[in-house]
């Protein structure tokens, strides 16, 4: 297995409160890695450290190494803006830009990055909306507001928006927790399709979701990585007692 | 229906709140009524376009005062809107520090400052310096009143823009300054415009800070460095004069001013009602 991301000795804080302790983990290229664990275990903080979104919060800081293709994204001469262009993110609540149309939402990253050619933008709009399995539903309404869509459609719009800037990695922070089961299954199918081209990391509250979509699963508890392995092994034969207790629902 | 204490309380309180609403709007309705009744008869095209005539001569109008008000308020906007809006953007997007909290506090204090203090400020620094009353001094005095209002409304409306949208933009690799301009300000635009219009409405009727800055003038404006007529000051001059004809003009001037401010407030309604693509 080839690792796209290698995390070494990652620690993270909010002010004086430490929320991640010495995380070491490798994320497989063109795979789906799921992060599971109870609320407050640091799983969201962890993936926000992978594209340097953690430090956007006031008083938040992180230390350690996050290597993407052997390049440390926390190196002092790396611009977090470039990192975030390479590592996209989809959030828990769908958050399309409220003042923009569907089309402008999709290409927002490109437009604000300086791409002006309308033809290119239109092509990318169609292409990425197709990738995000949303094209057929919105192709006649591209000028409508992004927030006029249903929750599930909005989330796929956000995925399209992340895909449009051509990232190498996409981070999903509980992307389905606000969605109905049908939308959820659409997004899960989409993730499985996306891993052909991208490397995916998904934080989820929903263990069945991790079992359904991921190749590898990491179990976090109180800011520590308890266990990491192939998804089948984690769910069938966890090595750690606390992993087993969480998976069979003794706590969480 | 069972008559009990809770229902009685409910009725009494409902009645009290409704009564307070009536009491609150009595002065407003009374002002509008009196000003309209007394002012409407003196309003005609001449009144809006002519210069004032000397005492005793019939006719004449407030044309120069209307012109002057637009000029002085315009100067205030040119100075006050950029400073106010940019300060608000700073406070909302970059002001999470001691300096930001200090500025926020100062803006609150300034909002509550009596308007005559703003006039004294402009008098001290501009009128005394140039040794002349001027339109610019009036504009500066009004901008001092305007800046804290615009700053705070801009800050508040940008803070209402959900953090999730800023994060979405940053996570796309859009730099913070572009996020602020194209995402945050764009989403909070109607709030900023509302704040600006309300501030303009507020300063358009100010009299005290103009008395000893823009002063007054019985002729058309002839330069920003010269004294200039404005409606509130002109109304004041007419109102305290002993001539019935001037009193009528004061009422009419007040009516015109109220209509102008009303139009601005209706504009605010319009801006806040329009929503994207609906």
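Chains as they are written, first to last, in my numbering: chain A, 3 to 254; chain B, 362 to 639. Even glycine gets a Cβ: it sits at the ideal position worked out from N, Cα and C. For clarity, every value in this text was computed on a predicted model and none was experimentally measured.
Identified DSSP bridge partners for residue i
i	result
residue 15(A)	20(A) and 63(A)
residue 218(A)	35(A) and 232(A)
residue 69(A)	8(A) and 74(A)
residue 90(A)	172(A)
residue 223(A)	226(A)
residue 205(A)	37(A) and 175(A)
residue 25(A)	12(A)
residue 30(A)	5(A)
residue 147(A)	103(A)
Buried or exposed by the 16-neighbour rule on C-beta atoms within 10 Å, applied to residue i
i	result
residue 530(B)	buried
residue 389(B)	exposed
residue 20(A)	exposed
residue 210(A)	exposed
residue 408(B)	buried
residue 41(A)	exposed
residue 374(B)	exposed
residue 381(B)	exposed
residue 255(A)	Shown here, chain A extends from 3 to 254; a query on residue 255(A) therefore has no answer.
residue 391(B)	exposed
residue 624(B)	exposed
residue 126(A)	buried
residue 101(A)	buried
residue 377(B)	exposed
residue 50(A)	buried
residue 425(B)	buried
residue 220(A)	buried
residue 489(B)	exposed
residue 639(B)	The pLDDT assigned to residue 639(B) is 34, lower than 50, so where the model puts this residue is not dependable, and the model offers no usable value.
residue 177(A)	buried
residue 491(B)	exposed
residue 627(B)	exposed
residue 479(B)	buried
residue 449(B)	buried
residue 406(B)	exposed
residue 78(A)	exposed
residue 558(B)	buried
Contact belief for residue i with residue j at Cβ below 8 Å, rounded distance in angstroms
i	j	result
residue 203(A)	residue 52(A)	7 Å
residue 47(A)	residue 28(A)	The Cβ separation is near 19 Å, so there is no contact.
residue 164(A)	residue 92(A)	6 Å
residue 13(A)	residue 65(A)	5 Å
residue 110(A)	residue 136(A)	Actually they are not in contact, since the Cβ atoms of residue 110(A) and residue 136(A) sit about 15 Å apart, beyond 8 Å.
residue 83(A)	residue 6(A)	Between residue 6(A) and residue 83(A) the Cβ distance is about 20 Å, and since that is not below 8 Å, they are no contact.
residue 222(A)	residue 95(A)	At roughly 21 Å, the Cβ-Cβ gap does not stay under 8 Å, so residue 222(A) and residue 95(A) are not in contact.
residue 518(B)	residue 456(B)	Not quite, the Cβ-Cβ distance comes to about 14 Å (not below 8 Å), so this is no contact.
residue 89(A)	residue 159(A)	With a Cβ gap of about 19 Å, residue 89(A) and residue 159(A) do not count as contacting.
residue 2(A)	residue 225(A)	Residue 2(A) is absent from the structure shown; chain A starts at 3 and stops at 254.
residue 548(B)	residue 526(B)	6 Å
Residue i Cβ short of 7 Å to the ligand GDP heavy atom set
i	result
residue 475(B)	No copy of the ligand GDP appears in this structure; indeed no ligand is present at all.
8 Å Cβ cutoff, residue i in contact with chain E
i	result
residue 392(B)	No chain E appears in this structure, whose protein chains are A and B.
Inset, instruction - Evaluate contact between the region 109 to 121 of chain A and the region 195 to 202 of chain A, counting only Cβ atoms and requiring at least three cross-stretch pairs below 8 Å. - result: Taking 8 Å as the limit for Cβ pairs, the verdict is that the region 195 to 202 of chain A does not touch the region 109 to 121 of chain A.
Inset, instruction - Return the residues of the region 529 to 556 of chain B that lie within a Cβ-Cβ distance of less than 7 Å from chain A, sorted by chain order. - result: 529, 531, 532, 533, 534, 535, 536, 539, 543, 544, 547 and 548
Inset, instruction - For the region 42 to 61 of chain A, enumerate the residues whose C-beta is nearer than 8 Å to any C-beta of chain B, in chain order. - result: 53, 55, 58 and 60
Inset, instruction - Assess, as a yes-or-no matter, whether the region 425 to 442 of chain B is touched by the region 480 to 500 of chain B under the definition of 3 or more beta carbon pairs within less than 8 Å. - result: Yes: at least three Cβ pairs fall under 8 Å.
Inset, instruction - Using a Cβ-Cβ cut-off of less than 7 Å, give me the residues of the region 449 to 460 of chain B that come near chain A, in sequence order. - result: 457
Legend entry - Within 9 Å of chain B by C-beta, residues of the region 173 to 194 of chain A in sequence order: 173
Legend entry - Contact the region 231 to 244 of chain A vs the region 183 to 197 of chain A: 3+ CB pairs below 8 Å: no
Inset, instruction - Below 8 Å between beta carbons is the criterion; list the residues of the region 108 to 138 of chain A that meet it against any residue of chain B, in chain order. - result: 110, 111, 114 and 115
Legend entry - Inter-stretch contact at 8 Å, needing at least 3 Cβ pairs: the region 102 to 111 of chain A / the region 64 to 77 of chain A: no
Legend entry - At least three beta-carbon pairs within less than 8 Å, the region 469 to 478 of chain B to the region 532 to 542 of chain B: Taking a cut-off of 8 Å on C-beta distances, the region 469 to 478 of chain B does not touch the region 532 to 542 of chain B, as fewer than three cross pairs fall below it.
Legend entry - Members of the region 494 to 520 of chain B that neighbour chain A once the beta carbon cut-off is set at 7 Å: none
Inset, instruction - Report yes or no: do the region 608 to 626 of chain B and the region 391 to 405 of chain B share at least 3 C-beta pairs separated by less than 8 Å? - result: yes
Inset, instruction - Please confirm if the region 409 to 423 of chain B is in contact with the region 482 to 498 of chain B, defined as three or more CB-CB distances below 8 Å between the two stretches. - result: no
Inset, instruction - Name, going along the chain, the residues of the region 365 to 393 of chain B whose beta-carbon falls closer than 9 Å to a beta-carbon of chain A. - result: none
Inset, instruction - Assess, as a yes-or-no matter, whether the region 440 to 447 of chain B is touched by the region 509 to 518 of chain B under the definition of 3 or more beta carbon pairs within less than 8 Å. - result: yes
Inset, instruction - Evaluate contact between the region 572 to 587 of chain B and the region 533 to 552 of chain B, counting only Cβ atoms and requiring at least three cross-stretch pairs below 8 Å. - result: no
Legend entry - Stretch pair the region 184 to 191 of chain A + the region 149 to 157 of chain A: three plus CB contacts closer than 8 Å: yes
Legend entry - Under 8 Å (Cβ pairs) to chain B, residues found in the region 86 to 97 of chain A: 86, 87, 88, 90, 91, 93, 95 and 97
Inset, instruction - Anything in the region 152 to 170 of chain A with a Cβ closer than 8 Å to a Cβ of chain B? List those residues in chain order, please. - result: 160, 163, 164 and 167
Inset, instruction - Would you list, in chain order, the members of the region 197 to 225 of chain A that have their beta-carbon closer than 9 Å to a beta-carbon of chain B? - result: none
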